[in-house]
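Chains as they are written, first to last, in my numbering: chain G, -10 to 358; chain P, -10 to 358.
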């Protein structure tokens, strides 16, 4: 292993291998985020001493104070990224520096310390190297399994005053995963949109991947499920602007009001997570030349009108866990809108999925062993 | 000890005493939330088996999964309450069922399970009984020290899907405390009010005591401190309505536009924490008969106008940690408003503090041993 210089001494990373490797589930049995690899990465920081030596240790429980800042004040943020095993057997990460940069921004919002993004990524690569046998191999039926990588950053000071933590722990766990949605990746979902529930707001932290943006959404997700819907469509403002769907960004493919084929997603106004999949799909689709590709405000009125005028072709969520997730219907107040994503052949959604996953297993950062 | 029946078997509480009691700091050296008592209370819950037997065990670290729901998605909430030692040497809790009820509401918002509020309170009383020597005795100079009680509820399932935790831990730690603010309880604070920063939003969870409401405020508090102010005054909406101050509710004492002396605090609209101190001060002041006591929207325009017309007498924060905290000035955009709380003799703030602390040490729930 060659290591870049870093201010938390990545070159000195300490690796302690498990003496008790666990059995791996067959790729067919993998779900999302329920099973963990044999090792984890830990890097402690204190205000007094700065960053400690990064350590790769056997996966296991952490010894944490019951007064832990993260458990009381949610001084915590995380990332979600994936390692893929290609048909060539090599392991690849997809745009991992995008995740490191976003984690850095989330850490600022969570009052956690600055960290060396390149150095931490080198440590994560070492972790994936150590657990390379946990990166699942694609099969005929499970085409895109992956090792889900969860960098996490928590305030660990045992102090009940509401202040920036003087101790923190930057860590990473990994989990071999199959498809995110129980129904499989390309089953269309139904959305429940109730403007009474707001995920994020201007002047808040909706663009950060902080734990506090997720916990409150679970109750609303359960309300949606109880009403028979798969996911929540998050709206904002008097005009009921579409913002996110579940934990994903949202895209529409429609013929716009000028009669042009367009792929659109809401702009990053501060209330929307700047997804790496979102960014990648915007960049990918722009290369096609077949559609206008835009970041624009999309209201429920826009959606309703486009459905009525048969201009709406597709709607889909986009995120690391699911990649692309087609939408079939939306319940909005007393309305039930049918979204013809599958009837339209899900042409753009399919193409996004195929091109993105091809890139993920063929042409991104290869891990050398 | 006598125990009420409860559905997590409070009557069977298991107590394991420390073999290594720690030395206690003199009451003069106590700060806020930095020192913990010898024991803690733990009650585990699983979706399959329900509530486990409550356990009082020596205070110490918890063994928690790095995939813990609370550390990733902030499925966590807490309470803050106090036990006081009166001049009669007896230990009292102040309106503890109010905290239990609020914890129950926060738990719903955090998708944590319902719990037996009376039963959990009985367990907390047992914890305070076990650590009764940690409840500090008032002295000539430190008149209102207390044992700060921190009930905490976290999702403990090691699962990375965003869903309601199938395991959780309801626990309680306690901490002997002196005054919350470094400067002492009745030193006036200066407030920094920037409408660019929004603590809570309608349709969100601002009225819940969830960790995720606190973490993001730390950065703004540091901005305020860097500009030389003590606390953040949280505004909301186009009219710059006052909502909270730091982690406290806010009160004004003024001559209202009808010429009547009035004590006012913003109404519980969903974005404001329903404080137990807030409620108690509203109830107390209503008994005086000397002031109108109202919950009403208070805008920065209202404050500015009242200052200009010499109608504003006092402004103060109110919360469990600080009790009452007078305000001396507000920086709002380019304005610097002088709030004459101290110049007015802080008459209402002083009376609130005295009457509330008198009640806390004399006439509330006594713990029997």
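Every residue, glycine too, gets a C-beta built ideally from N, C-alpha and C.
A check of alpha carbon separations from residue 140 (chain G) across G:50, G:198, G:349 and G:151 identifies G:198 as the nearest.
In this structure, DSSP gives residue 293 (chain P) a helical state, which the three-state scheme calls helix. Between residue 350 (chain G) and residue 76 (chain G), the CB-CB gap stays under 8 Å. Per DSSP, the beta-bridge partners of residue 66 (chain P) are P:142 and P:199. In this structure, the straight-line span from the alpha carbon of residue 121 (chain G) to that of residue 134 (chain P) is close to 55 Å. No Cβ-Cβ contact shorter than 8 Å links residue 34 (chain G) with residue 110 (chain G). About 4 Å separates the Cβ atoms of residue 219 (chain P) and residue 178 (chain P), confirming a contact at the 8 Å cut-off.
Look at the segment 45 to 71 of chain G: the residues with a C-beta under 7 Å from a C-beta of chain P are 50, 51, 52, 53, 54, 55, 56, 59, 60, 61, 62, 63, 64, 65 and 67. In the structure shown, the three-state DSSP call for residue 81 (chain G) is strand. If only uninterrupted beta strand (DSSP E) runs of at least 3 residues are considered, those enclosed by the segment 292 to 351 of chain G are 301 to 308, 312 to 321 and 324 to 327. Collapsing the DSSP output to three states places residue 156 (chain P) in a strand.
Under the three-state reduction of DSSP output, residue 128 (chain P) falls in the coil class, being neither helix nor strand. Less than 8 Å divides the Cβ of residue 67 (chain P) from the Cβ of residue 61 (chain G). At a C-beta separation below 8 Å, residue 190 (chain G) has these neighbours in chain P: 187, 190 and 193. For residue 26 (chain P), the three-state secondary structure derived from DSSP is coil. Counting of Cβ neighbours within 10 angstroms places residue 191 (chain P) among the exposed residues, the total staying below 16. For residue 152 (chain G), the nearest CB of chain P lies under 8 Å from its own CB, placing it at the interface with that chain. If you ignore the 5 residues before and after residue 144 (chain P), its C-beta comes within less than 8 Å of the C-beta of 57, 58, 59, 62, 64, 65, 99, 100, 101, 153, 154, 156 and 157, all in its own chain and listed in chain order. The beta strand (DSSP E) runs of length 3 or more contained entirely in the segment 213 to 284 of chain P are, from start to end of the chain, 220 to 225, 230 to 234, 237 to 244, 250 to 254 and 281 to 284.
Residue contact check for residue 79 (chain G) against chain P: no CB pair falls below 8 Å. Judged by pairs of C-beta atoms under 8 Å, the segment 7 to 16 of chain G does not touch the segment 69 to 85 of chain G, as fewer than three such pairs exist. Judged by beta-carbon spacing, residue 330 (chain P) lies beyond the 8 Å limit of residue 313 (chain P), meaning their Cβ atoms are not closer than that value. Using a CB distance cut-off of 8 Å, residue 312 (chain P) does not count as an interface residue toward chain G. For residue 29 (chain P), a Cβ of chain G is located within less than 8 Å of the residue's own Cβ. For residue 35 (chain G), no CB of chain P lies under 8 Å from its own CB, so it is not counted at the interface with that chain. Residue 319 (chain P) and residue 326 (chain P) have their C-alpha atoms spaced approximately 5 Å apart. In this structure, the alpha-carbon of residue 302 (chain G) lies about 13 Å from that of residue 246 (chain G). Boundaries for residue 36 (chain G): no beta strand (DSSP E) harbours it, and the DSSP string shows neither H nor E there. Secondary structure note for residue 45 (chain P): its beta strand (DSSP E) is the uninterrupted segment 44 to 47.
Taking the Cα of residue 137 (chain G) as reference, the smallest distance to any Cα among G:256, G:82 and G:227 is reached at G:82. For residue 206 (chain P), the secondary structure class from DSSP, reduced to helix, strand or coil, is helix. Identification of residues in the segment 194 to 218 of chain P having a C-beta nearer than 9 Å to some C-beta of chain G yields 194, 197, 199, 200, 201, 202, 203, 204, 205, 206, 207, 208, 210 and 211, given in sequence order. The C-beta of residue 25 (chain G) comes closer than 8 Å to at least one C-beta of chain P. Residue 26 (chain G) has its alpha-carbon roughly 26 Å from the corresponding atom of residue 207 (chain G). In the three-state scheme derived from DSSP, where H, G and I count as helix and E and B as strand, residue 58 (chain P) is classed as helix.
In the structure shown, the three-state DSSP call for residue 116 (chain G) is helix.
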